[in-house]
Amino acid sequence: MQQVVQLGRRLVTTMATLNNPAGTAVEVVRQQKKALRTVVRRELRNFSPEAKREEDEAIQKHILSAEWYQNSKRICAYVSCASLREVDTSHIMADLLEKQRRTAGMKVYVPRIEDKESHMRMLHITNTDDDLIANYMNILEPTLLDSVGNPREEVMQATEPLDLLLLPGTFPSLIFYYRIHAFVFD
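In our numbering, each number is its position in the sequence shown, counted from 1, plus 1474.
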């Protein structure tokens, strides 16, 4: 993990001193980010199942108790995939869907991969049992039609703006300590 910290510091230092975005400094940053991701992925593979479970629980507990999370009504979140070593979001998804059932105006959107280039649409769901199917990579994603055969609402067509976007992250960011990036919209 020390190597991760050192690479992260070098990356931050390089990014802070960028003067010419079109010059070689950008390429240096790309190379450093690539090296950092490689090291972090290796570190994540070395996590024991118990350590990962503990970290995942701590991350979910932090998010579930955060005021910015509790005050959000329109949220994009991801359904975690164990084979990708993503942070488990099962407690978050269960909480979101329960809140959606009892809160007027609450909407939960999750990604659906559209093609091999990983273009996505965020589609509204109401539950994980009926609304999600495994795709070709065994990642759970929403069906195109809801349980009564209607097309699902897309977040880009929603009339209300998003309050929160939860995305999986490879390594801790400067904005958010954990491996989930949270973007709160005012």
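For glycine and all other residues, C-beta sits at the position ideal for the given N, C-alpha and C.
Checklist entry - How long is the line joining the alpha carbons of SER1522 and THR1512, rounded to whole angstroms? => result Between the C-alpha atoms of SER1522 and THR1512 there is a straight-line separation of about 18 Å.
Checklist entry - Quick check: the segment 1543-1562 against the segment 1584-1599, are there 3 or more CB pairs under 8 Å? => result In the pairwise beta carbon analysis, the segment 1543-1562 is classified as touching the segment 1584-1599: at least three pairs are separated by under 8 Å.
Item to check | Whole-Å CB distance - SER1546 paired with ASP1603, under 8 Å assumed | outcome: Contact doesn't hold; Cβ gap of about 23 Å is too wide.
Item to check | Reduced DSSP category for VAL1584 - H, G, I as helix; E, B as strand; rest coil | outcome: In the three-state reduction of the DSSP assignment, VAL1584 falls in the strand class.
Item to check | Continuous beta strand (DSSP E) stretch holding ILE1613: start and end | outcome: Element bounds for ILE1613: n/a, residue is neither H nor E.
Next on the checklist: Rounded to whole angstroms, what is the Cα-Cα separation between GLU1517 and ASP1562?
Outcome noted: Looking at the two C-alpha atoms, the distance is approximately 17 Å.
Next on the checklist: For LEU1558, tell me which candidate among HIS1598, ILE1613, GLY1623, LEU1619 has the shortest Cα-Cα distance.
Outcome noted: Ranking the options by Cα distance to LEU1558, first place goes to ILE1613.
Next on the checklist: Taking the alpha-carbon of GLU1572 as reference, which of ASN1601, MET1594, MET1596, GLY1579 has the nearest alpha-carbon?
Outcome noted: Considering only alpha carbons, the answer is ASN1601.
Next on the checklist: Need the endpoints of the beta strand (DSSP E) that LEU1538 sits in, please.
Outcome noted: For LEU1538, there is no enclosing beta strand (DSSP E); the residue is part of the alpha helix (DSSP H) that begins and ends at 1523-1539.
Checklist entry - Between PRO1642, PRO1635, ARG1504, which lies nearest to LYS1581 when the distance is taken from Cα to Cα? => result The alpha carbon of LYS1581 has as its nearest neighbour, out of PRO1642, PRO1635, ARG1504, the alpha carbon of PRO1635.
Item to check | Where GLN1534 falls, given that 16 or more other Cβ within 10 Å makes a residue buried | outcome: By the 10 Å Cβ count, GLN1534 comes out buried.
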